[in-house]
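Undergrad: Under the working numbering, the first residue of the sequence shown carries the number 1, and numbering increases by one thereafter. All C-beta atoms, glycine included, are put in the ideal place defined by N, C-alpha and C. This structure is in structure tokens; I'll ask about it shortly.
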Amino acid sequence: PVVVAVAGGLLAVATGCCGVVGSAATPVQSSPVGPSAVAPPVTPVPVAPPAPQPVAQGPCRYLSAAAVEAANGERVGAVQVSADRPHPACFFLRGDGAVQLRTWIVVATPEVARATVDAAAPVATSDLAELSNGWSGGSQPTADGAVFAVARQGTAVVVTTNQRQTISARQVAGQVIAA
Numbered sequence: 001p002v003v004v005a006v007a008g009g010l011l012a013v014a015t016g017c018c019g020v021v022g023s024a025a026t027p028v029q030s031s032p033v034g035p036s037a038v039a040p041p042v043t044p045v046p047v048a049p050p051a052p053q054p055v056a057q058g059p060c061r062y063l064s065a066a067a068v069e070a071a072n073g074e075r076v077g078a079v080q081v082s083a084d085r086p087h088p089a090c091f092f093l094r095g096d097g098a099v100q101l102r103t104w105i106v107v108a109t110p111e112v113a114r115a116t117v118d119a120a121a122p123v124a125t126s127d128l129a130e131l132s133n134g135w136s137g138g139s140q141p142t143a144d145g146a147v148f149a150v151a152r153q154g155t156a157v158v159v160t161t162n163q164r165q166t167i168s169a170r171q172v173a174g175q176v177i178a179a
């Protein structure tokens, strides 16, 4: 239809310029067809939920302070938890009150779980991280330590540590998944 309209317009211009009398271009009615006819449905881009914030004193229901001390090599001074449900994020603090390790479990759609992992350990910059039973994601050093983030189906597990090596975060992630 677009070609006909353009061709009809060119024909009208051609006949108009050649002095043919009694010939008028008739507008061509066309209904939109093709890609511009109906906008395709917009698929929302999955977005990771906002990072959790501590709101109360612990304990962490799925990871002990002793396990964090063993994995991270620092004494745990206190434990705080977020308001997230069903799995609150856990913040393990040093003696001076700074966070030494944080665990975060996100239960959502597979797309949101993957977006959570990619936000924590972007595919473009992180090393491949894998755990048994199909958990995969990324790990990398960060400005404040390291992160290990993996997802499987609709669940993501993100562990951040103040240690520069990812091995303690990996070990803790395995414990969180097993709990």
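(1) Between which two residues does the beta strand (DSSP E) carrying Val159 extend?
(2) Tell me which same chain residues have a C-beta within less than 8 Å of the C-beta of Ala67, skipping the five on either side of it?
(3) Within 10 angstroms of the Cβ of Ile105, are there 16 or more other Cβ atoms? Answer buried if so, exposed if not.
(4) Whole angstroms is fine: what's the gap from Phe148's alpha carbon to Leu63's?
(5) Would you mind working out which of Ala178, Arg170, Gln163 and Val157 sits nearest Pro88, comparing C-alpha positions?
(6) Using 7 Å as the cut-off, classify the Cβ of Gly174 as near or not near the heavy atoms of the ligand HEM, replying yes or no.
(7) On the DSSP bridge list, what partners appear for Pro44?
(8) Can you name the start and end residues of the beta strand (DSSP E) that Val107 belongs to?
TA: According to the structure shown:
(1) Thr155 to Thr161
(2) Val172 and Gln175
(3) buried
(4) 16 Å
(5) Val157
(6) Ligands displayed in this structure: none; no statement on the ligand HEM is therefore possible.
(7) Pro44 is not bridged to any residue.
(8) Val99 to Val107
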